[in-house]
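Numbering of the sequence shown is given in my numbering, commencing with residue 4 and proceeding in unit increments.
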Amino acid sequence: MRRLHALAGLLGLALVTFMAITGFVLSLQPVLETVGAARSASPPSVAAIAARVNDAVPGLERLVRLASGQLVAYGREGASRSAEIVDPSSGAVVGAYAPSPVFSFISELHRSLFLGSAGHGIAGIGALAILVLSVSGIGLLVRKMGGWRQLLATPRGSGSQRLHTNLARAAILALLLTASTGIYMSAAYFELLPSSGAEFSFAPSGSGGTPAPIASLDGLAGISLTDLRELVFPAADDARDVFTLTTSSGQGYVDQSTGALLSFTPSSVWQQAYELIYMLHTGQGAAVLAVLLGLGALAAPVLALTGSAIWWLRRRSMPRVAHNASWRESDTVILVGSESGSTWGFAASLHEALVACGHRVHLAGMNELRRSYPGAARLLVLTATYGDGTAPASARQFLARLGSFSSRPAFAVLGFGDQSFPQFCGYAARVEAALAERGLEPLLPVYGIDRQSPADFAAWGNILGERLGLALALSHVPPRPRTSQLVLEERTLFGVEVQAPVAILRFAMPDHPQGWLGRRRLPRFEAGDLVGILPPGSDVPRYYSIASASSDGVLEICVRKQTSGICSEFLHALLPGETVEAFVRPNPDFRPNRSRRPLILVGAGAGIAPLAGFVRHNRYRAVHLFFGARDPGSDFLYRDEMEQALAEGRLASLTTAFSRVLGGAYVQDRLLEEGARVRELVERGAQIMVCGGREMASGVQEAMDACLAPLGLSVAILKRKGLYLEDAY
């Protein structure tokens with residue numbers, strides 16, 4: 004489905020964008036016509052209005068009611084022709100009628116590109132591409148969000164991914180309607196589908212008597228103006244000629260002398276269907292629908308751009324895998340679960356080694372698990388663990404899809420993580436248990452790779468090779484991230500007295516080699532994003548939450564010194580003027596939403612770093628900060644800045660908890676004490692953000708569940724709504 008979506012988007016990119024932009028311009032026409040059309044409080048009959056217009060317009064030949072409700076009278080006097088807009092209440096002439104040349108040009112461009120039948124075909128292909136993109140996009144969106152019930156949940160991913168998802172959800176109905184109706188109209192143009200279904204009858208001859216006053220004709224008096232499409236007047240010198248009346252329900256003829264309805268042919272079902280579809284496609288006569296269609300069309304070019312960016316970034320992050328066998332023909336399947344893309348490199352190395360041993364190997368993401376692999380004897384799963392033991396991006400749907408998996412290959416699971424986290428390779432363990440429950444036989448127990456260690460990977464390869472009877476020599480060194488040099492400008496040390504040193508470090512870019520150019524610019528980042536720092540002699544980065552934004556001119560982090568922590572000890576020993584190798588990684592899943600509703604921030608120790616950044620840049624919402632530390636005199640990080648934020652109104656309240664003082668408490672204790680206030684804020688739609696150590700985050704979650712229970716809510720429910728975010732380590 005993803006390939007189909009990408010293929011339709013990339014091949015039809017220019018055409019879809021063109022159709023969308025011209026469609027948006029055309030959606031403005033019904034709105035402008037509706038705004039400019041005169042309204043009648045009590046619509047008169049066709050007989051009454053026709054009589055009034057006949058007196059006002061010399062040589063009246065036709066009276067046409069447009070879809071917008073505008074009434075146009077066409078007349079002829081000698082060689083001169085006229086088209087007048089008339090008031091539907093009084094029949095008085097309002098002004099001359101002239102179709103907009105701009106809309107006429109755009110309309111023909113949109114329908115046929117001025118290429119005749121070939122252009123109509125191209126337009127139909129454009130509508131088909133939009134339909135394919137919409138339908139496949141719905142399928143991908145449902146899979147990404149975890150089912151129909153989660154379709155409106157807060158999306159995860161990069162900025163372009165979240166924008167693409169949110170726009171797609173907002174515009175999908177309009178795009179489906181536009182595309183399906185456009186395909187029908189194109190098919191009707193080429194007579195692949197009927198648009199009328201029956202020919203109207205020829206006009207009969209009238210009685211030939213003296214023409215009666217128009218207002219007295221019963222055949223016209225019984226028709227409301229709102230049902231009129233067109234009224235063609237009889238020739239002035241032909242007493243046997245008749246009125247030709249076209250309404251929303253069909254066409255008939257009225258004797259100009261007796262007023263009798265001589266015949267009436269109802270519109271066929273196909274004709275009515277075509278007119279309905281035309282209205283749904285163009286919004287003619289339905290200004291509100293036209294606005295919705297226009298907004299949907301306007302979203303299409305943005306979706307095309309963000310979709311192309313997502314495709315390119317995904318393609319660039321994927322390793323180039325030679326000789327990747329079809330899933331139908333493979334004897335070995337490798338499935339990958341990755342959040343940032345690093346696990347794919349290890350999987351590619353495993354794929355290469357197995358192919359070199361003569362195996363037919365298929366490599367794919369865990370979300371792409373098939374119902375069965377007909378020839379596969381073994382399934383190898385390589386997966387990272389995201390956050391608190393949850394699935395990474397390319398594995399979120401794996402466990403759900405496993406329910407319909409019917410093959411029974413032997414399997415092995417290789418996990419990637421960081422042993423400093425309590426949930427080290429936690430998702431890999433869940434995958435192993437789920438596969439075993441399905442009755443699959445394990446080749447090996449689940450194995451964990453610490454911090455992308457090449458030695459651990461090679462050791463696992465030796466064990467797997469012995470089990471398979473292969474000489475499987477795995478060698479993979481993760482590519483060193485592209486880094487920039489940052490120079491330490493300032494360091495402030497806290498917590499020494501309580502044996503928990505925490506340093507606030509502020510970095511900047513070094514000066515240009517040419518001094519007159521000044522200082523280089525920092526990469527773009529926001530508070531809550533991550534900076535990866537490579538300690539000397541290591542290719543594996545350590546990540547820290549950023550407390551500042553690039554607009555502040557510095558990159559600020561809080562680092563707690565860890566026993567035997569290679570990077571933390573390096574950073575604590577760093578002196579102003581010395582440099583580090585670093586890069587920025589966006590963390591869009593840990594940012595405040597753009598609501599004006601309250602924001603509850605909960606942090607402890609160095610976990611206050613991104614929260615302080617959120618407070619620093621707050622301008623319009625009530626922010627309530629709960630902060631925990633050991634001693635107020637030793638490690639009350641950002642104390643002066645938070646007190647200033649309180650005074651300036653950027654912080655609504657500050658609640659602290661210190662564990663190493665008389666009567667000490669933890670931050671979760673303060674939440675329980677303030678349970679009533681927490682519930683009141685949550686009832687007002689507050690978002691909750693938690694940052695700090697895993698043990699603290701677990702305690703906060705338990706306290707929050709207790710606070711929310713009287714409301715029938717829980718942390719799990721708020722997480723699904725995007726109202727509870729965690730950054731725990």
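No residue lacks a Cβ here, since even glycine has one placed at the ideal position from N, Cα and C.
- prompt: Using a Cβ-Cβ cut-off of 8 Å (strictly less than) and excluding sequence neighbours within five positions of V294, which residues of its own chain qualify?
  reply: On the sequence shown, position 291 is the one that residue 294 refers to. Here V294 has S30, V34, G286 as same chain residues with Cβ atoms under 8 Å from its own Cβ, once five neighbours each way along the sequence are excluded.
query: Does the beta-carbon distance from A609 to C570 come in below 7 Å?
result: Here residue 609 is taken as the residue at index 606 of the sequence shown, counted from 1. Here residue 570 is taken as the residue at index 567 of the sequence shown, counted from 1. It is not a contact, given that the beta carbons lie outside the stated cut-off.
field: N-terminal and C-terminal residue of the beta strand (DSSP E) that G561 is part of
entry: Start at 1 with the first residue of the sequence shown, and residue 561 comes out as number 558. The amino acid at residue 561 is misidentified as Gly; the sequence shows Cys. Going by DSSP, C561 is part of the beta strand (DSSP E) stretching over 558–563.
message: What residue range does the beta strand (DSSP E) around L66 cover?
response: On the sequence shown, residue 66 is found 63 positions in, with the first residue counted as 1. Note, L66: beta strand (DSSP E), 63–68.
query: Excluding five sequence neighbours on each side, which residues of the same chain lie with their C-beta closer than 8 Å to the C-beta of S329?
result: In the sequence shown, residue 329 corresponds to position 326, counting from 1. So the qualifying residues of the chain are H365.
- prompt: Of the residues G119, Q275, T658, A224, which one's Cα is nearest the Cα of V263?
  reply: Reading the sequence shown from its first residue, position 260 is the one you call residue 263. For the sequence presented, residue 263 should be read as Ala rather than Val. Ranking the options by Cα distance to A263, first place goes to A224.
Rounded separation between V49 and I226 - CA only: One-based indexing of the sequence shown puts residue 49 at position 46. One-based indexing of the sequence shown puts residue 226 at position 223. Pairing V49 with I226, the inter-Cα distance amounts to about 6 Å.
field: C-beta contact flag for S701 and D708 at 7 Å
entry: In the sequence shown, the residue the question calls residue 701 occupies position 698. In the sequence shown, the residue the question calls residue 708 occupies position 705. It is not a contact, given that the beta carbons lie outside the stated cut-off.
Proximity of G3 and R594 at Cβ, strictly below 7 Å: Shown here, the chain extends from 4 to 732; a query on residue 3 therefore has no answer.
message: Please report the straight-line C-alpha distance between A302 and A171, rounded to a whole angstrom.
response: Residue numbering aside, residue 302 sits at position 299 when the sequence shown is read from its first letter. Residue numbering aside, residue 171 sits at position 168 when the sequence shown is read from its first letter. Cα to Cα, the separation comes out at about 8 Å.
Beta-carbon proximity list for R663, same chain, < 6 Å, skipping 5 on both sides: Position 660 of the sequence shown, counting from 1, holds the residue named residue 663. Taken in chain order, the residues that qualify are V501, R633, D634.
task: Just confirm the distance between the C-beta atoms of R682 and L711, as a whole number of angstroms; I'd bet it's less than 8 Å.
output: To locate residue 682, count along the sequence shown from 1; it is residue 679. To locate residue 711, count along the sequence shown from 1; it is residue 708. Indeed, because the Cβ distance is near 7 Å, the residues count as touching under 8 Å.
- prompt: Under the three-state reduction of DSSP, which class applies to T181: helix, strand or coil?
  reply: For the purposes of this step, residue 181 is taken as residue 178 along the sequence shown, with counting starting at 1. In the structure shown, T181 sits in a helix (DSSP, three-state: H, G or I).
message: Would the stretch 59–66 count as touching the stretch 77–85 if we require 3 or more Cβ pairs under 8 Å?
response: Verdict: yes, contact present.
query: Where does Q287 sit, in a helix, a strand or coil, going by DSSP?
result: For the purposes of this step, residue 287 is identified with residue 284 of the sequence shown, where counting begins at 1. It is coil, neither helix nor strand.
task: Decide if E581 is buried, meaning its Cβ has at least 16 other Cβ atoms within 10 Å, or exposed.
output: Taking the first residue of the sequence shown as position 1, residue 581 is located at position 578. Around the beta carbon of E581, fewer than 16 other beta carbons sit within 10 angstroms, so the residue counts as exposed.
task: Could you name the residues that DSSP lists as bridge partners for Q690?
output: Taking the first residue of the sequence shown as 1, we reach residue 690 at position 687. For Q690, which the question treats as bridged, DSSP gives the partners L602.
query: How far does the alpha helix (DSSP H) with F236 in it reach, from first residue to last?
result: Reading the sequence shown from its first residue, position 233 is the one you call residue 236. Segment: none, F236 is in no alpha helix (DSSP H) and carries neither H nor E.
task: For S410, collect the residues of the same chain with a Cβ closer than 7 Å to its Cβ; drop the 5 residues on either side in sequence, then sort them by chain order.
output: The count along the sequence shown starts at 1 and reaches residue 410 at position 407. The residues are S375, Y376, A379.
- prompt: How big is the Cα-Cα spacing for H738 and Y732?
  reply: Summary: the structure shown does not reach residue 738, with the chain confined to residues 4 through 732, and so no result is reported for it.
message: Considering only the alpha carbon of each residue, which of H113, M699, R527 lies closest to F3?
response: Outside the shown range of the chain, which is 4 to 732, sits residue 3, and nothing can be said about it.
- request: Specify whether the stretch 324–339 and the stretch 304–314 touch according to this definition: at least 3 beta carbon pairs, one from each stretch, less than 8 Å apart.
  value: The answer is no - the stretch 304–314 does not touch the stretch 324–339, with fewer than three Cβ pairs under 8 Å.
message: In the DSSP output, what is G695 paired with across the bridge?
response: Counting from 1 along the sequence shown, the entry for residue 695 is found at position 692. The partner list for G695 (beta bridge, DSSP) reads A731.
Contained beta strand (DSSP E) runs [length at least 3] in the stretch 426–506, N- to C-terminal order: You should have 450–453, 487–497.
message: To the nearest angstrom, how far is the alpha carbon of A668 from that of F661?
response: Your numbering for residue 668 matches position 665 in the sequence shown. Your numbering for residue 661 matches position 658 in the sequence shown. Going by the C-alpha atoms only, they are around 6 Å apart.
- prompt: DSSP beta-bridge partners for R79?
  reply: Within the sequence shown, numbered from 1, the residue matching residue 79 stands at position 76. Its beta-bridge partners are R84.
message: Using the three-state DSSP reduction, which class does E644 fall into: helix, strand or coil?
response: Working through the sequence shown from its first residue, we reach residue 644 at position 641. In this structure, E644 counts as helix in the three-state DSSP scheme.
- prompt: For chain C, is any of its Cβ atoms less than 7 Å away from the one on G442?
  reply: No chain C is present in this structure, which holds just one protein chain.
message: Can you tell me where the beta strand (DSSP E) holding D258 begins and where it ends?
response: Here residue 258 refers to the residue found at position 255 of the sequence shown. First-last of the beta strand (DSSP E) with D258: 253–258.
message: Quick check on the burial criterion: 16 or more other C-beta atoms within 10 angstroms. Buried or exposed for A205?
response: Sequence index remark: in the sequence shown, residue 205 carries index 202 (1-based). Looking at the sequence shown, residue 205 is not Ala but Phe. F205 should be labelled exposed.
message: For P484 and F586, what's the separation of their Cα atoms in angstroms?
response: As a first step, residue 484 is located in the sequence shown; it is residue number 481 there, counting from the start. As a first step, residue 586 is located in the sequence shown; it is residue number 583 there, counting from the start. P484 and F586 have their alpha carbons spaced roughly 8 Å apart.
task: Buried or exposed for F246, please, with buried defined as at least 16 other CB atoms from any protein chain shown within 10 angstroms of its CB.
output: One-based indexing of the sequence shown puts residue 246 at position 243. The residue in question, F246, is buried, as its Cβ has 16 or more Cβ neighbours within 10 Å.
query: Of the choices M645, G631, L640, whose alpha-carbon is the least far from that of V693?
result: Taking the sequence shown and counting its residues from 1, one reaches residue 693 at position 690. The option with the nearest alpha carbon to V693 is G631.
- request: Within the stretch 616–691, note down every full beta strand (DSSP E) run reaching 3 residues or more, in order along the chain.
  value: For the stretch 616–691, whole beta strand (DSSP E) runs of length 3 or above, ordered along the chain, are 626–632, 656–661.
Own chain residues within Cβ distance below 7 Å of R470, not counting five before or after: The residue labelled residue 470 in the question sits at position 467 within the sequence shown. Take R470, set aside five residues on each side of it, and the residues of its chain with a beta-carbon closer than 7 Å to its own are L446, L447, in chain order.
- prompt: Expressed to the nearest angstrom, what Euclidean distance is found between the alpha-carbon atoms of I125 and F193?
  reply: Position 122 of the sequence shown, counted from the first residue, corresponds to residue 125. Position 190 of the sequence shown, counted from the first residue, corresponds to residue 193. Each residue's Cα considered, the two are about 12 Å apart.
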